[in-house]
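S.K.: Shown below is the structure under consideration.
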Amino acid sequence: MDKKIEEKIHALDPRFKKKIQDLFESMNESISMLYEAATHDEKTGLYNNKFFETIFDMEIEKAKRNQQKLSIVMTDIDFFKKINDTHGHMKADEFLKRLAEVIQKQVRGSDIAARFGGEEFVILLPETDLEKAKRFATRLKTAIHSDKILSKYHVTVSGGITQFKEKDNKKKMKERVDKALYQAKETGRDKFVALK
């Protein structure tokens, strides 16, 4: 709270002081809840695509300006329609949430994991080259395979990986990672493909 506001509240009659402090606490809670709703996906708790796109723009600029490494990983649950048809939408939603939890455990504090849409997730890896991004994808795949719930229902993901190149932009990177994801799906699924 601002020092001037604190001084004014302190000078109030004790009967009003508590009410004002409670009001400020309530406002701060509301602001936190609004921020959470505006930046996070309701179903998975990961960042939403809108927030991801904003951060992606910023990270591309940093990569260009400071010649920093930047990689992106895109994943898609294999045969998600079949999962929906077999287990129902409620169970499929549970799998989305569980996968989001597995992803969240694998990312660093500086990484941005988001729900891209439907059953697709995207992970932005700042200051990470392609080799490190591949190692991240391997760890993620292992974590998915060893998760009790996801492995019990044979939930797997395919993924694409790419890194920022000189004169790249967001559109080019997204097209490349999407192409890599498509190749992973076309060549057997349950794997990651990297494209330079």
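Here this note's numbering is used: the first residue of the sequence shown is -4, the next is one more, and so on. The beta carbon of each residue, even a glycine, is placed where N, CA and C say it ideally should be.
Determine the DSSP secondary structure at Phe75, reduced to helix, strand or coil.
M.R.: The residue given as residue 75 occupies position 80 in the sequence shown. Helix at Phe75.
S.K.: Which residue's Cα is closest to the Cα of Arg93: Glu20, Thr123 and Lys38?
M.R.: As a working note, residue 93 is residue 98 in the sequence shown. Minimum Cα distance to Arg93 is reached at Lys38.
S.K.: Specify whether the segment 150 to 170 and the segment 48 to 63 touch according to this definition: at least 3 beta carbon pairs, one from each stretch, less than 8 Å apart.
M.R.: Yes, they touch.
S.K.: Give the DSSP-derived three-state secondary structure of Ser153 in the structure shown.
M.R.: Counting from 1 along the sequence shown, the entry for residue 153 is found at position 158. Residue state, collapsed to three classes: strand.
S.K.: Whole alpha helix (DSSP H) runs in the segment 53 to 98 with 4 or more residues, listed along the chain?
M.R.: 75 to 82, all fully within the segment 53 to 98.
S.K.: Measure how close the beta-carbons of Ala87 and Phe75 come, nearest whole angstrom, since I'm counting them as under 8 Å.
M.R.: Counting from 1 along the sequence shown, the entry for residue 87 is found at position 92. Counting from 1 along the sequence shown, the entry for residue 75 is found at position 80. About 7 Å separates the two Cβ atoms, so the contact holds.
S.K.: How about Ile71 and Val152: are their beta carbons less than 9 Å apart?
M.R.: The count along the sequence shown starts at 1 and reaches residue 71 at position 76. The count along the sequence shown starts at 1 and reaches residue 152 at position 157. Correcting the residue identity first, residue 71 is Asp in this sequence and not Ile. Result yes, Cβ atoms of Asp71 and Val152 sit closer than 9 Å.
S.K.: Output the distance between the C-alpha atoms of Lys127 and Ser21, rounded to the nearest integer angstrom.
M.R.: Locating residue 127 in the sequence shown gives position 132, where the first residue counts as 1. Locating residue 21 in the sequence shown gives position 26, where the first residue counts as 1. Their Cα atoms are separated by approximately 43 Å.
S.K.: One question on the structure: do Asp124 and Gln158 come within less than 9 Å of each other, judged by their Cβ atoms?
M.R.: One-based indexing of the sequence shown puts residue 124 at position 129. One-based indexing of the sequence shown puts residue 158 at position 163. Their beta carbons are under 9 Å apart, which means Asp124 touches Gln158 by this criterion.
S.K.: For the segment 95 to 155, list the alpha helix (DSSP H) runs that are entirely contained and at least 4 residues long, ordered along the chain.
M.R.: Those alpha helix (DSSP H) runs which fall completely within the segment 95 to 155 and span 4+ residues are 125 to 141 and 143 to 147.
S.K.: What residues in its chain sit with their C-beta under 8 Å from that of Arg134, if we drop five residues either side in the sequence?
M.R.: Mapped onto the sequence shown, residue 134 falls at position 139. Result list for Arg134: Gln101, in chain order.
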